[in-house]
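Peer 1: Below you'll find the structure I mean.
2 protein chains.
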Amino acid sequence: MDEQARKTALRMIPYGLYVLTAGTKDGDKAAATINWVTQTSFAPPLLALGIKTDSAIYSHARETGALVLNILGKGQQGAAFAFFKPAEYADGKLSGEAVTWAANGAPVLESAPAAVELKVREVVELGDHHTFVAEVTGCI
Amino acid sequence: MDEQARKTALRMIPYGLYVLTAGTKDGDKAAATINWVTQTSFAPPLLALGIKTDSAIYSHARETGALVLNILGKGQQGAAFAFFKPAEYADGKLSGEAVTWAANGAPVLESAPAAVELKVREVVELGDHHTFVAEVTGCI
Chain A
12 MDEQARKTAL RMIPYGLYVL TAGTKDGDKA AATINWVTQT SFAPPLLALG
62 IKTDSAIYSH ARETGALVLN ILGKGQQGAA FAFFKPAEYA DGKLSGEAVT
112 WAANGAPVLE SAPAAVELKV REVVELGDHH TFVAEVTGCI
Chain B
12 MDEQARKTAL RMIPYGLYVL TAGTKDGDKA AATINWVTQT SFAPPLLALG
62 IKTDSAIYSH ARETGALVLN ILGKGQQGAA FAFFKPAEYA DGKLSGEAVT
112 WAANGAPVLE SAPAAVELKV REVVELGDHH TFVAEVTGCI
């Protein structure tokens, strides 16, 4: 297979800019910028997400299954950049971003135009990122 | 959960325009327009796809695991529209579209700017569309 042709083809598949968060106000927290998300079902509403297996958010997702997908808007590259490295919580801010808390406990970025609360339903353990199939359980 | 807020949030997740094909030149064929695709791994290259459970392409994907994802470009709404209904093969054309054949046997739309050959690795049987995790095995 021609590697360059493959890259060119796969780059034609649209991707987004998201910060996936997990944890609780009084416990551990994790957050990471991700790009690979698609809806896969209307009823129930399901999303498939690619999550890097060696990341802190991966461990949280496996352990608790409670996540928030913060959907970033145009001009939020700065927020996305902040979550390329491990999240730090200080002075009520997560890596410098003001947060509220979803019903499932996970942090919600106040600056995100939309966010959905997720419950992990299944994980496909293939590849350098595993595919999480998660149900949308709430909207923030 | 506020249905309208959920719809608004989920519509912020980008989606594409694809024709997913299966079958062989001398056997049955199936093709359907789909929108829900994301990459989920670099190594091996994996995609997650939402496929409607009551569709002909779903049966083919389950039975043979051999698919081609035709990635449509701008201005190809007409080709997408042609595959909203069951595919018909006549005069060497699939629902009016000229085709070639991938190494795995499935039809490739000549008009698609890019296409990848897929082998289904796992299926998550949840929801009105199931989530197929498929490996990119070739590029056309």
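First to last, the sequence lines map onto chains A and B.
First residue of the first sequence: 12, per our numbering; consecutive thereafter.
First residue of the second sequence: 12, per our numbering; consecutive thereafter.
All C-beta atoms, glycine included, are put in the ideal place defined by N, C-alpha and C.
As the structure is a computational prediction, the values presented were derived from the model and not from experiment.
To be precise: take each residue of the stretch 43-66 of chain B, compare its Cβ to all Cβ atoms of chain A, and keep it if any distance is under 8 Å. Which residues remain?
Peer 2: Those residues of the stretch 43-66 of chain B that come within reach of chain A (Cβ to Cβ, closer than 8 Å) are W47, V48, T49, Q50, T51, S52, F53, A54, P55, P56, L57, L58, A59, L60 and G61.
Peer 1: Kindly indicate which residue of Y29(B), L60(B) and M12(B) has the alpha-carbon position closest to the one of E133(B).
Peer 2: In the second sequence, residue 133(B) corresponds to position 122, counting from 1. Of the candidates Y29(B), L60(B) and M12(B), the one whose C-alpha sits nearest the C-alpha of E133(B) is L60(B).
Peer 1: Would A91(B) and L78(B) be called neighbours here (beta carbons separated by less than 8 Å)?
Peer 2: Taking the second sequence and counting its residues from 1, the one referred to as residue 91(B) is at position 80. Taking the second sequence and counting its residues from 1, the one referred to as residue 78(B) is at position 67. Taking 8 Å as the Cβ cut-off, A91(B) and L78(B) do not qualify as a contacting pair.
Peer 1: State the Cα-Cα distance for the pair V48(A) and K104(B), rounded to the nearest angstrom.
Peer 2: Stepping through the first sequence from its first residue, residue 48(A) is reached at position 37. Stepping through the second sequence from its first residue, residue 104(B) is reached at position 93. Rounded to whole angstroms, V48(A) to K104(B) spans 34 Å at the Cα level.
Peer 1: Just confirm the distance between the C-beta atoms of T32(A) and G116(A), as a whole number of angstroms; I'd bet it's less than 8 Å.
Peer 2: For this step, residue 32(A) is matched to residue 21 along the first sequence. For this step, residue 116(A) is matched to residue 105 along the first sequence. Wrong, their Cβ atoms sit about 10 Å apart, outside the cutoff.
Peer 1: Quick check on the DSSP output: what are the complete alpha helix (DSSP H) runs of length 4 or more inside the stretch 14-70 of chain B, in order along the chain?
Peer 2: Here the runs fully enclosed are 14-21.
Peer 1: Once DSSP output is grouped into helix, strand and coil, what is the label at G116(A)?
Peer 2: The sequence position of residue 116(A) within the first sequence is 105, counting from 1. Here G116(A) sits in coil by DSSP.
Peer 1: Classify E74(A) as helix, strand or coil using the three-state DSSP reduction.
Peer 2: On the first sequence, position 63 is the one that residue 74(A) refers to. Three-state DSSP puts E74(A) in a helix.
Peer 1: Please determine if the stretch 61-73 of chain A and the stretch 38-46 of chain B are in contact, where contact requires at least 3 C-beta pairs separated by less than 8 Å.
Peer 2: No, the stretch 61-73 of chain A is not in contact with the stretch 38-46 of chain B.
Peer 1: Tell me which residues share the same chain as P124(B) and place their Cβ nearer than 7 Å to its Cβ, disregarding the 5 neighbours each side in the sequence.
Peer 2: Position 113 of the second sequence, counted from the first residue, corresponds to residue 124(B). The answer, listed in chain order, is I82 and G84.
Peer 1: Chain B beta carbons: is any one of them nearer than 8 Å to that of T19(A)?
Peer 2: Against the first sequence, residue 19(A) aligns to sequence position 8. Taking Cβ atoms only, chain B reaches closer than 8 Å to T19(A), which makes this a yes.
Peer 1: Is there at least one Cβ from chain A nearer than 8 Å to T142(B)'s Cβ?
Peer 2: Reading the second sequence from its first residue, position 131 is the one you call residue 142(B). Taking Cβ atoms only, chain A reaches closer than 8 Å to T142(B), which makes this a yes.
Peer 1: Let me make sure I understand the geometry here. Which of A98(A), I45(A), L80(A) and T148(A) has the alpha-carbon closest to that of A126(A)?
Peer 2: Along the first sequence, read from residue 1 onward, the residue named residue 126(A) stands at position 115. Per the Cα distances, L80(A).
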